Every structure is written in structure tokens, then in C-alpha cells.
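Shown next, in C-alpha cells, is the structure this report addresses.
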Amino acid sequence: MVIGARISIGLAVGLAVAAACHRQGPTARERVLAGLPADAVAVVAADGRALSHPRLRAVLDAAAVRWPSSLGCVVDAAVASDAVAATLDRAGNVTVIAALPRPPRCPALSQRAPGLWIATLGAGPAATGGLDDPRFARARPYLLASPIAAAVLGDVHVLAAAQPEPFDAWVAIDVPGDADPVARAIAEQITRLGHEPATAAIAARVHAARTAPGQLVVRMTDPGDGDLAAAARSLLAWADEPGPRAPPAAFACPASGTGATVIVCSDGTRYRVASLASELSAILDTGRPVPAVASGSVTGLRLGAAVRELGLDAGDVIVAMAGRVVTSRKMLADWIAHSRGETTVTVRRGGTEAVLQFAER
1 MVIGARISIG LAVGLAVAAA CHRQGPTARE RVLAGLPADA VAVVAADGRA
51 LSHPRLRAVL DAAAVRWPSS LGCVVDAAVA SDAVAATLDR AGNVTVIAAL
101 PRPPRCPALS QRAPGLWIAT LGAGPAATGG LDDPRFARAR PYLLASPIAA
151 AVLGDVHVLA AAQPEPFDAW VAIDVPGDAD PVARAIAEQI TRLGHEPATA
201 AIAARVHAAR TAPGQLVVRM TDPGDGDLAA AARSLLAWAD EPGPRAPPAA
251 FACPASGTGA TVIVCSDGTR YRVASLASEL SAILDTGRPV PAVASGSVTG
301 LRLGAAVREL GLDAGDVIVA MAGRVVTSRK MLADWIAHSR GETTVTVRRG
351 GTEAVLQFAE R
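So for the sequence shown, our numbering puts the first residue at 1; every next one is plus one.
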């Protein structure tokens, strides 16, 4: 009995060791996602095989003309990859990681690990493991398994997935508060696609549904002979069109005594402060800005909280400082730290922009 028990235990241990030895390592998709920045606010993941499908490759090429020319070879590498992922982080930096079967001919890509290659616009990831963030819990299964998937965590949360064969694509949009404006905008875009001869066939395959008070789902079935690339070009062009002119944004001086130090304000746009570096740092510390993204580009930094002492509201977008366009938190922090004498901060509110003037007294 004892000998039999020992044999059984030994056999069980042996089988467990054998199973562990033969367990597959992480997939290519898991490897690229594991290397993404920890502070990502937008993630796209795909298989190269899906991207190489003629329908989707045409869409990729239509979008790629808007990207920096230095990334042209990165697009080709993505199509040839086993898996690829790209992110936008809170500072506006872009990171692309690809699992490639062979070294790419692309100067923009550098080897990060065996079989893994990375390209960046801006700073590289200081810390990795972004997909482990609880914020991505809902998106994680799609980012890991769908042929193409994307997730955006911003003012509006977006989750999307697509596959080329059989074709299926959907986008789920979660809107805090009133979702009616987003629903109307989507309906208008679908109607507009239907009126264009080149995209009418695509519009007939796109359907939007209100699945919850704050959620919209847009789904597209097999486009048949419809030209997806033409639809992509139209949507990108429309995104560049100026929106309806909004009434001038109202900027008012903060209440007297607001803030830790005395700030003198006049006309709602002119401020005199003891120290530019000290007072403007509240934009970063109190405002907690994150990148504002439109048509795939960072258009400024959106405040997550009001900065009362400077008359700034939550949702205001810091567009520029001293006439220089702001595209990352790190950039703005450096400019603020080195500001002396006087400067300006351009702020977008309600569709219009105002220039706030700051001077040391």
C-alpha cells in the first residue's frame, strides 16, 4: 500500500512537471500588450493577418497619410507582424510595439526584446503593464483576443472590435450624463455617408442602437462591395471641418482671496501674480490635465478639475503657452517651471479660445 501510494504520488508529480514544461508561453498579443505604458489612456491591438486583409489594409493606408512620414515603415511592419499594439498615454506620447517574425527594415523601430520591436513619438514608456490597470478590465478580453480591438478612456469611454472574415465591426460608446448629443452626431454622420455616392453602400450597413441610457452601440455588417477606405477618408475629412461657431466663452475673475496667495485679476483674462512658476503650477497639480485627442492628434490638455484661483473650469483645454502649442503634460510642466516675467496661456472653452495674460508683479 505504501509503495503503491508512493508510485501514485510520484506519477502525479511527474505529470504535473511534464504539463508545466509543455505549457505554451505567452502569445504574441500578450507579449505586446504586456509592454504597453502603465498610464495609457488609449490602446489599439491587432493581428498583422487581420491588418493585411485587403479591406482593412485599405482603411489603414487611408488613415496613415495623416501620420508622420517617419512612421510609414512602422505601418508596413504592423501588417507583417504576428501582433501589434499602440497606445497614447496621459502625456500625449505614442508607443507602438510589434511582435515580428524577423528583424524589420524600419529605422523607427528598435529591438526591445527577442522578437519585440518598439517605436515611440515622444517619451518611451517609463513603466509597463498598462493592461493590468483595472480601468481596462472590460476591454481586456477584446484587446487580447479580437483580431482588431481598441479602447479609449477619456471624457467618453469607447470600446471597439472588428474582424475581416466574416466581417463584423462594432463600437460601444459610454457617455457620462446626457448621451443625446452623441447619438445625434452619430445619426448625422450615418445620414451624411448615405448621401455620398462613394459611401452610400457602407451607410446602409451601419446601424446605431441605444443599449442603455448612457451607452450607444454602432455596428457594421458585411459591407459587400462598399468601399471602406472611401468611408474612412470621408469621416477623417469631416472631422477636420470646423464645427458651428459657439458663443464667446465667458472668463471671469475668481472670487477675491481665492487660492493660497493673492492673485490680482482684471477683465477675466489679465492676471498679476507673485511668481509665474508657482501660480501656474496649479494647472498641473490641481487641474490634473490629460491629453485632448481629436482625429488622432493631441490638440491640447483637458483639465480634469477646476483651477479656481486662475478662473479655469473643469473641461477647459490648455491649447498653448506663450504661443507654443501644448501636446504633453511634460512639455507644459517644463514651460511653466521656466516661465519668468510674463506669459500667455491659450484656453479653449465651449468651442472658442481665449488668451489669458499673466505677469509677475
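The C-beta atom is built at its ideal place from N, Cα and C for all residues, glycine as well. Nothing here was measured: the structure is a model prediction, and the numbers come from that model.
Give the straight-line distance between the Cα atoms of ALA314 and LEU276, rounded to the nearest whole angstrom.
Taking the sequence shown and counting its residues from 1, the one referred to as residue 314 is at position 314. Taking the sequence shown and counting its residues from 1, the one referred to as residue 276 is at position 276. Going from the Cα of ALA314 to the Cα of LEU276 covers about 21 Å.
Do you know how far the Cα of ALA305 is from the Cα of GLY341?
Looking up residue 341 in the sequence shown gives position 341. Looking up residue 305 in the sequence shown gives position 305. Roughly 27 Å separates the two Cα atoms.
By Cβ distance, which residues of its chain are closer than 8 Å to PHE251, with the 5 residues on each side in sequence left out?
In the sequence shown, the residue the question calls residue 251 occupies position 251. For PHE251, where only same-chain residues beyond five positions count, the Cβ hits under 8 Å are GLY268, THR269, GLY311, VAL347, ARG349, ALA354 and LEU356.
For the stretch 41-59 against the stretch 146-163, are there 3 or more C-beta pairs whose distance is under 8 Å?
yes
What's the C-alpha gap between ARG184 and PRO103?
Locating residue 184 in the sequence shown gives position 184, counting from the first residue. Locating residue 103 in the sequence shown gives position 103, counting from the first residue. Their Cα atoms are separated by approximately 47 Å.
Pick out the complete beta strand (DSSP E) segments inside the stretch 91-132, 3 residues or longer, and give them in chain order.
94-99, 110-113 and 116-121
Which of the three DSSP states is assigned to VAL41 in this structure?
The residue labelled residue 41 in the question sits at position 41 within the sequence shown. VAL41: strand per DSSP, three-state reduction.
Which same chain residues end up closer than 7 Å to TYR142 when comparing Cβ atoms and leaving out the 5 residues on each side of it in sequence?
By 1-based counting over the sequence shown, the position of residue 142 is 142. Closer than 7 Å at Cβ, skipping near neighbours: ALA149, LEU159 and ALA161.
Apart from the five residues just before and just after ARG288, which ones in its own chain have a Cβ nearer than 8 Å to its Cβ?
In the sequence shown, the residue the question calls residue 288 occupies position 288. Same-chain partners within the cutoff: LEU303, GLY304 and ALA305.
From what residue to what residue does the beta strand (DSSP E) around ARG219 run?
Counted from its first residue, the sequence shown places residue 219 at position 219. Its beta strand (DSSP E) spans residues 215-220.
Strictly by DSSP, which residues pair up with GLY300?
On the sequence shown, position 300 is the one that residue 300 refers to. BP columns for GLY300 point to ALA292.
Would you be able to state if there are at least three C-beta pairs under 8 Å between the stretch 22-37 and the stretch 182-200?
no
Classification of ARG233 by the beta-carbon crowding that lies within 10 angstroms, buried from 16 upward:
Taking the first residue of the sequence shown as 1, we reach residue 233 at position 233. When all chains shown are included, ARG233 counts as buried.
Helix, strand or coil at GLU342 according to DSSP, with G and I counted as helix
Start at 1 with the first residue of the sequence shown, and residue 342 comes out as number 342. Three-state result, GLU342: strand.
So what's SER266 in DSSP terms, helix, strand or just coil?
In the sequence shown, the residue the question calls residue 266 occupies position 266. Residue state, collapsed to three classes: strand.
Other residues of its chain near HIS53: CB distance less than 6 Å, five sequence neighbours each side excluded
The residue labelled residue 53 in the question sits at position 53 within the sequence shown. Taken in chain order, the residues that qualify are PRO164.
Below 8 Å between beta carbons: does that hold for CYS106 and VAL79?
What you label residue 106 is simply residue 106 of the sequence shown in a count that begins at 1. What you label residue 79 is simply residue 79 of the sequence shown in a count that begins at 1. Contact flag unset, no.
Put THR211 into one of helix, strand or coil per three-state DSSP.
Residue 211 sits at position 211 when you count from the first residue of the sequence shown. Residue state, collapsed to three classes: strand.
Please state if the CB of GLY35 and the CB of VAL84 are separated by a distance shorter than 8 Å.
Locating residue 84 in the sequence shown gives position 84, where the first residue counts as 1. Locating residue 35 in the sequence shown gives position 35, where the first residue counts as 1. Not a contact, by the Cβ cut-off of 8 Å.
If I measure Cβ to Cβ from ASP316 and keep anything under 6 Å in the same chain, skipping five residues before and after, which residues do I get?
Taking the sequence shown and counting its residues from 1, one reaches residue 316 at position 316. Around ASP316: LEU303, VAL347 and ARG349.
Which residues mark the beginning and the end of the beta strand (DSSP E) in which GLU353 is found?
Translated into the one-based positions of the sequence shown, residue 353 becomes position 353. Taken as a continuous stretch (DSSP letters only), the beta strand (DSSP E) holding GLU353 covers 352-360.
Let me know if VAL94 comes out buried or exposed under the rule of 16 or more other beta-carbons within 10 Å of its beta-carbon.
Numbered from its first residue, the sequence shown carries residue 94 at position 94. VAL94 comes out buried.
Would you kindly check if the distance between the Cβ of GLY92 and the Cβ of VAL325 is under 8 Å?
Position 325 of the sequence shown, counted from the start, is the residue given in the question as residue 325. Position 92 of the sequence shown, counted from the start, is the residue given in the question as residue 92. Result no, Cβ atoms of VAL325 and GLY92 do not sit closer than 8 Å.
Just the Cα atoms here: how many angstroms apart are PRO213 and LEU88?
Locating residue 213 in the sequence shown gives position 213, counting from the first residue. Locating residue 88 in the sequence shown gives position 88, counting from the first residue. So the two alpha carbons sit approximately 28 Å from each other.
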